[in-house]
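Written out below as structure tokens is the structure these notes cover.
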Amino acid sequence: MNLSFKNVEKHFGTLRVVEQFSSDIAPGELVALVGPSGCGKSTLLHLAAGLEKVSQGEVLADGRPITGPDPSRMLMFQENALYPWLTLAQNVSMALELQKVGRAEARTRAVQWLEKVKLKGFEDYFPHQVSGGMRQRCALARAFITAPEVLLLDEPFGALDALTRMTLQDALRALIRETRPTVLLVTHDVNEALFLADRIVVFSQRPSRVLKEFNLAAREKSHDLSDFAGLRREILGLLGIETERTEDETFTSEEIAA
């Protein structure tokens, strides 16, 4: 599904958050939005999800204006938002049951997706019985099980430790390659954006405007990212982050958000 922002502006009363944002996201493309906290990145996700209305301009899905939520567009938050009174399998299967899939079939498919995200054997555990990374794996399974055409990710791994975050980035990339949704990712982690994205859009402070876009679609990547040191330095410079460090030092989400 093609996702398009046409001269989009968003204001909350007198607070101007987004100004004149335009972008076309091709089917199957992953675009990462990077910028200071409060610059409107998550607001753009909410507009694409149909949870907010534009103040000016329009947001289109395959050329049709987005006027509200739709199952074809799935929004995943930093918090896993699992129901604590349901097992992992029940949390995942509920997404299908809400679409009128029978309980038995929903359970079977939920178990299959939990296996895909390496949670086989934990189907009947409750969220409080597993780690934060496992809960987020469950949330990934729930997001993908309905086969959304557009996946909207709002810092999905921001609350996790660095090692768990990289493991889940690998899992996410594998699922995206298998299912090929159009993806819009909000992240404060420049390394995450470099590793996952086909294109990175860097925003200014609020009211946000695009400072620069970087096309990475043709680049081979690993978590090493040593070939991207210069690009990372340029992105951090656009964000006003001091970059007089060694090439292999990691910049944390907190540094980017400062």
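Quick note on this note's numbering: the sequence shown kicks off at 22 and runs consecutively. We treat Cβ as the ideally placed atom computed from N, Cα and C, and that holds for glycine. Note that this is a predicted model, so its numbers are computed, not measured.
Whole-Å CB distance - residue i paired with residue j, under 8 Å assumed
| i | j | result |
| --- | --- | --- |
| Arg94 | Pro169 | 6 Å |
| Met97 | Ala195 | Not really, about 16 Å apart at Cβ, beyond 8 Å. |
| Phe147 | Pro177 | No, Phe147 and Pro177 are not in contact; Cβ-Cβ is about 21 Å, not under 8 Å. |
| Val171 | Met22 | 5 Å |
| Ala116 | Ile166 | 5 Å |
| Leu135 | Ala102 | The pair is not a contact, with the Cβ atoms about 17 Å apart (cut-off 8 Å). |
| Thr203 | Gly49 | 6 Å |
| Leu109 | Glu144 | 6 Å |
| Leu193 | Gly153 | Contact doesn't hold; Cβ gap of about 16 Å is too wide. |
Proximity test, Cβ basis, 7 Å: residue i and chain B
| i | result |
| --- | --- |
| Ala116 | The structure shown contains no chain B; it holds only a single protein chain. |
The alpha helix (DSSP H) enclosing residue i, as first and last residue numbers
| i | result |
| --- | --- |
| Phe216 | Val211 to Leu217 |
| Ile197 | Ala183 to Thr200 |
| Leu65 | Lys62 to Ala70 |
| Arg158 | Gly153 to Ile166 |
| Val113 | Leu109 to Glu118 |
| Ala102 | Ala102 -> no alpha helix (DSSP H), and no H or E assigned at all. |
| Ala180 | Taken as a continuous stretch (DSSP letters only), Ala180 belongs to no alpha helix (DSSP H), as it is neither H nor E. |
Element boundaries [beta strand (DSSP E), containing residue i]
| i | result |
| --- | --- |
| Arg220 | Arg220 to Phe224 |
| Asn236 | Val231 to Asn236 |
One or two residues paired with residue i in a DSSP bridge
| i | result |
| --- | --- |
| Ser25 | Asp45 and Leu81 |
| Lys31 | Val39 |
| Thr203 | Val171 |
| Ala239 | None; Ala239 has no bridge partner. |
| Leu96 | Leu173 |
| Pro86 | Leu81 |
| Ala53 | Leu206 and Ile221 |
Closer than 6 Å: residue i CB and nearest the ligand MN heavy atom
| i | result |
| --- | --- |
| Val39 | No copy of the ligand MN occurs in the structure displayed, which carries no ligand at all. |
Identity of the residue in the options nearest residue i by Cα
| i | options | result |
| --- | --- | --- |
| Leu140 | Arg240, His244, Val113 and Phe224 | Val113 |
| Asn28 | Leu215, Cys60, Ala218 and Val80 | Val80 |
| Gly251 | Ser152, Gly49 and Val211 | Val211 |
| Leu173 | His209, Ala70, His244 and Ala218 | Ala70 |
| Arg201 | Val122, Arg253 and Ala47 | Ala47 |
| Phe235 | Pro228, Asp245, His244 and Phe216 | Phe216 |
| Ala82 | Leu24, Ala183 and Ile256 | Leu24 |
| Phe33 | Lys242, Phe26, Gly61 and His209 | Gly61 |
| Ala238 | Ala53, Glu126 and Gly89 | Ala53 |
| Pro92 | Gln120, Gln77 and Gly56 | Gln120 |
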